Amino acid sequence: MQRKSTFEDFEKLMDDAEASNPPKRKSEESERGEIEFDSALFRRRSAPKIPANGSELFDESDGEEAEIYEEDYEEEVYETRKPIYSHRNTHEFDEAEAEKRYRQREARLRKKAEKRRQNRHLGGKILAILQFILSVVFMGLIFKLDVLPTKYFIAASIILILLALICFLLQFRKHAHWAGKIISFIVILIMIFGSVYVAKTIYTLNSVTKVKAYQTDKIVIGVLADDPAESLGDAKDYKFGIMAGNDRSKVDLAITQMNNSLDSEIDTVEYNSYSEQVQALYDGKIDAMIYNQALDELIEEKNPGFLEKVRIIDNFNVETEVYMEDIPDLPITKEPFVVFLSGMDVYGELEQTSRSDVNIMACVNPTTKQVLLVSVPRDAYVEIPGITYGEKDKLTHAGMYGIQYSIASMEEIFDLDIRYYVRINFTSLIMMVDALGGIDVESDYAFSTYYKQYDADTDTWSYYEYDRGMNHLDGVHALAFARERMNAAGGDYQRAKNQQKVIAALLEKIKSPAFLTGYTGLLSSLEGKMDTNFTSQQLASLVKMQLNDGADWNIVSSSVYGISSQEYCASYAGAPLDVEVLDDDSIDAVKEVIDKLMKGQVISEPRATDIQEAYEVNGSDADDDYYVNNHADDDEYDDFYWEHGGYLGEEDSETFEYSEDEEY
1 MQRKSTFEDF EKLMDDAEAS NPPKRKSEES ERGEIEFDSA LFRRRSAPKI
51 PANGSELFDE SDGEEAEIYE EDYEEEVYET RKPIYSHRNT HEFDEAEAEK
101 RYRQREARLR KKAEKRRQNR HLGGKILAIL QFILSVVFMG LIFKLDVLPT
151 KYFIAASIIL ILLALICFLL QFRKHAHWAG KIISFIVILI MIFGSVYVAK
201 TIYTLNSVTK VKAYQTDKIV IGVLADDPAE SLGDAKDYKF GIMAGNDRSK
251 VDLAITQMNN SLDSEIDTVE YNSYSEQVQA LYDGKIDAMI YNQALDELIE
301 EKNPGFLEKV RIIDNFNVET EVYMEDIPDL PITKEPFVVF LSGMDVYGEL
351 EQTSRSDVNI MACVNPTTKQ VLLVSVPRDA YVEIPGITYG EKDKLTHAGM
401 YGIQYSIASM EEIFDLDIRY YVRINFTSLI MMVDALGGID VESDYAFSTY
451 YKQYDADTDT WSYYEYDRGM NHLDGVHALA FARERMNAAG GDYQRAKNQQ
501 KVIAALLEKI KSPAFLTGYT GLLSSLEGKM DTNFTSQQLA SLVKMQLNDG
551 ADWNIVSSSV YGISSQEYCA SYAGAPLDVE VLDDDSIDAV KEVIDKLMKG
601 QVISEPRATD IQEAYEVNGS DADDDYYVNN HADDDEYDDF YWEHGGYLGE
651 EDSETFEYSE DEEY
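Here the sequence shown stands for residues 1 to 664, where the numbers follow full-length UniProt numbering.
This is how it looks when you write it as structure tokens:
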């Protein structure tokens, strides 16, 4: 019976093999980088003692290849420790087979170590690649937004690409790969949030600059306050009074809607003036009247108490197409241009037509960095091309027919081409100022608001006070500053100056590099509350130009003056209205400055005219105590004022439509 081999026999065979095989010189194969079998080394590595890891199978120069798991090494040692005998003699050690196994084991160990080394940093490489992809996406969005100057865009692109490359290469370093992973993770987060921010900015900018093809007029049905009717259905058998004139086409469209809703035709009576129509309602000749709600102030002016005696029971929105001249997408950073700034006297969305309470023309020369702001009184007695046909009306009434008619009126006054417009309202001004972190406005004298103002944050009523000199204003205080007339030392003309001060303060904020941090917030605040025919590319090019050169702008303010009078207006037949008949010399003085600006000359304030000197009040001569303490008497307030947080203006509370679903 054959005796079983023991580990002692294996040890003896190894000693014999070591004695009969002294160390050899390196063979040609070893010199070529292959492993030379060494039985002594094989014996030592086949010994029962197993190190904690397999790193001592390699030299220190092998680096991370020596970092293999203990179980892999144990498995290899176990395989090597199996007794190796010749097939001819089971007691004879087979050196060739041992060398073969040794080389196979060495190859397997190095292969596993290399594979684990590569896989160990695969996550870091993926992070670096993801970082590069997101950086490309981010810079692509920046390129599409097109507000970053080329030199900054190229620099930012190079920095982001190099940063991604460095993070990728760090994954091949033994101890530095963790730094690469951390940097990649941080940059990835920044790129994600940055891309979302820029994408939102692009969407909002396109939304703000989307030209509205239609305008909305609210046609209302009014009955006496004590009338039992609560809706149009209750009044279907009533006799309705309507007006002949400019708004007749819109009223007819509303009547069509009424007939369709009632499935019958209403009975109408036509009148030649609103005063006749109102009187007919009071006298019982008609049961209800149909009119454009934008005319509330106009009707109240000549029929005091109208808004208290008449109650609205229904309304219909009428959409009409806005016909505007096609404006080419011109590079507005190269040539002078004129933009009409219209301030509507309403809160909320800019959906329906209303009077243009603020009428300012901004003449801009982007090459000489100069802006001329020209204010025209809201009550200016002017022609409205396409509406009055040779007659005249208040400039503010042009806004009721559409922004295009306000522009046409301004072009008629100054005999120049106005290509662009921006239309905002009270809400957009408040949100614009707040989005920019407030503005700094210099007041010519100290004053307070004539009426108490409601503070929604503190649920209190108080007078807003402004110091002589610089004032930092938030949105609601900026609006009150621009709208105050009763405590304005120069009346409407001082109010126009204050409005220009607010615009100039906004421009100061917008032209600073810090504006970029609030760019998206500003655009979001204007979405649905601003209307313009500037393209998104044109607005972006202005921002890009300012960021590129950071130039200071020369902003000059001016006004056109007139003489107060009472004249018949095309929008209100039957009675004269309070108007301002513009002074030709005052207009000519402004035209002279406009001509200089267009020619690239340095401009200053227009020359003083006789009528200007008659109206203007020097701020240093103003009585601060009087304007700070001049307030409305208690009998000047009514229930509407306390219930709805104050009037929209001094005399226009009737245009306010309260909604519990909307914040004011």
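In this text, a Cβ means the ideal position worked out from N, Cα and C, and glycines have one as well. Predicted model, so just to flag it, every value in this text is computed and none were measured.
Beta-carbon contacts of residue i that lie in its chain and below 7 Å, excluding the five residues immediately before and after
| i | result |
| --- | --- |
| Ser275 | Lys302, Asn303, Gly574 and Ala575 |
| residue 752 | A question about residue 752 goes unanswered here, because the residues of the chain that appear run from 1 up to 664. |
| Asp549 | none |
| Tyr445 | Arg468, Ala489, Gly619, Ala622, Asp624 and Tyr627 |
| Glu230 | Ile313 |
| Phe306 | Val278, Ile299 and Glu300 |
C-alpha distance - residue i paired with residue j, whole-angstrom precision
| i | j | result |
| --- | --- | --- |
| Thr460 | Glu297 | 28 Å |
| Arg110 | Ala155 | 44 Å |
| Lys82 | Ala98 | Caution applies to Lys82, whose pLDDT of 49 falls short of 50 and renders its modelled position unreliable; the value that the coordinates give is listed next. So the two alpha carbons sit approximately 10 Å from each other. |
| Asp467 | Asn487 | 13 Å |
| Gly475 | Met289 | 38 Å |
| Ser565 | Gln494 | 19 Å |
| Val310 | Ser604 | 51 Å |
| Tyr234 | Ala244 | According to the sequence provided, residue 234 is Asp. The question's Tyr does not apply to it. Looking at the two C-alpha atoms, the distance is approximately 25 Å. |
| Ile367 | Asp329 | The identity of residue 367 in the sequence shown is Thr, whereas the question assumes Ile. Rounded to whole angstroms, Thr367 to Asp329 spans 18 Å at the Cα level. |
| Lys26 | Arg103 | Reliability fails at Lys26, whose pLDDT of 46 lies under 50, so the model's placement of it is uncertain and the value that follows must be treated cautiously. C-alpha separation (whole angstroms): 16 Å. |
| Thr333 | Ser524 | 24 Å |
| Tyr323 | Ile594 | 27 Å |
| Ala280 | Lys394 | 26 Å |
| Val602 | Met545 | 20 Å |
| Asp237 | Glu319 | 26 Å |
| Ser375 | Pro331 | 26 Å |
Close-in-space but distant-in-sequence residues of the same chain around residue i (CB under 8 Å, 5 per side omitted)
| i | result |
| --- | --- |
| Val422 | Val339, Phe340, Leu341, Ser342, Met530, Asp531, Thr532 and Phe534 |
| Ile418 | Val338, Val339, Phe340, Met361, Ile407, Met410 and Glu411 |
| Glu442 | Gly469, Met470, Asn471 and Lys501 |
| His121 | Gln171, Phe172 and His177 |
| Ile439 | Val433, His472, Leu473, Ala478, Val502, Ala505, Leu506, Glu508 and Lys509 |
| Trp553 | Lys369, Gln370, Val371, Leu507 and Lys511 |
| Phe143 | Phe153 |
Residues bridged to residue i [DSSP beta-bridge criterion]
| i | result |
| --- | --- |
| Gly343 | Val358 and Ile424 |
| Ile439 | Leu473 |
| Ala235 | For Ala235, which the question treats as bridged, DSSP gives no partner whatsoever. |
| Val602 | Its beta-bridge partners do not exist; DSSP assigns none. |
| Tyr454 | Trp461 |
| Glu319 | Thr216 |
| Glu270 | Ile242 |
| Ala380 | Glu580 |
| Asp635 | None, per the DSSP bridge assignment. |
| Val433 | Answer is none; Val433 lacks a bridge partner. |
| Asn365 | Gln370 |
Enclosing alpha helix (DSSP H) for residue i [first to last residue]
| i | result |
| --- | --- |
| Met243 | It is not in any alpha helix (DSSP H) - Met243 instead sits in the beta strand (DSSP E) that spans Lys239 to Met243. |
| Val187 | His177 to Val208 |
| Gln370 | Note, Gln370: premise wrong, no alpha helix (DSSP H); beta strand (DSSP E) at Gln370 to Ser375. |
| Glu411 | Ile403 to Phe414 |
| Leu330 | Careful: Leu330 lies outside any alpha helix (DSSP H) and carries neither H nor E. |
| Ser536 | Ser536 to Asp549 |
| Ser249 | Arg248 to Leu262 |
| Glu391 | Neither: Glu391 is in no alpha helix (DSSP H) and is coded neither H nor E. |
| Ile611 | Asp610 to Tyr615 |
| Asp624 | Asp624 to Asn629 |
Close-in-space but distant-in-sequence residues of the same chain around residue i (CB under 6 Å, 5 per side omitted)
| i | result |
| --- | --- |
| Ser195 | Val137, Phe138 and Leu141 |
| Ala398 | Ile384, Tyr405, Ser406 and Ser409 |
| Val364 | Phe337 and Val371 |
| Ala589 | Pro606, Arg607 and Thr609 |
| Ser557 | Leu373 and Gln500 |
| Phe132 | Ala164 |
| Gly222 | Met289, Val310 and Ile312 |
N-terminal and C-terminal residue of the beta strand (DSSP E) that residue i is part of
| i | result |
| --- | --- |
| Val581 | Tyr572 to Leu582 |
| Leu170 | First-last for Leu170: undefined, no H or E at that position. |
| Ser559 | Asn554 to Ser559 |
| Gly562 | Gly562 to Cys569 |
| Thr532 | Met530 to Thr532 |
| Gln215 | Tyr214 to Leu224 |
- Task: May I have a chain-ordered list of the alpha helix (DSSP H) segments no shorter than 4 residues that lie completely inside the segment 272-311?
- Result: 274-283, 296-302 and 306-309
- Could I get the ranges of all uninterrupted beta strand (DSSP E) runs contained in the segment 456-527, with 3 residues as the minimum, in chain order? 460-462 and 469-473
- Query: Along the chain, which unbroken stretches of the alpha helix (DSSP H) at least 4 residues long are found entirely within the segment 102-157?
  - Reply: 122-145
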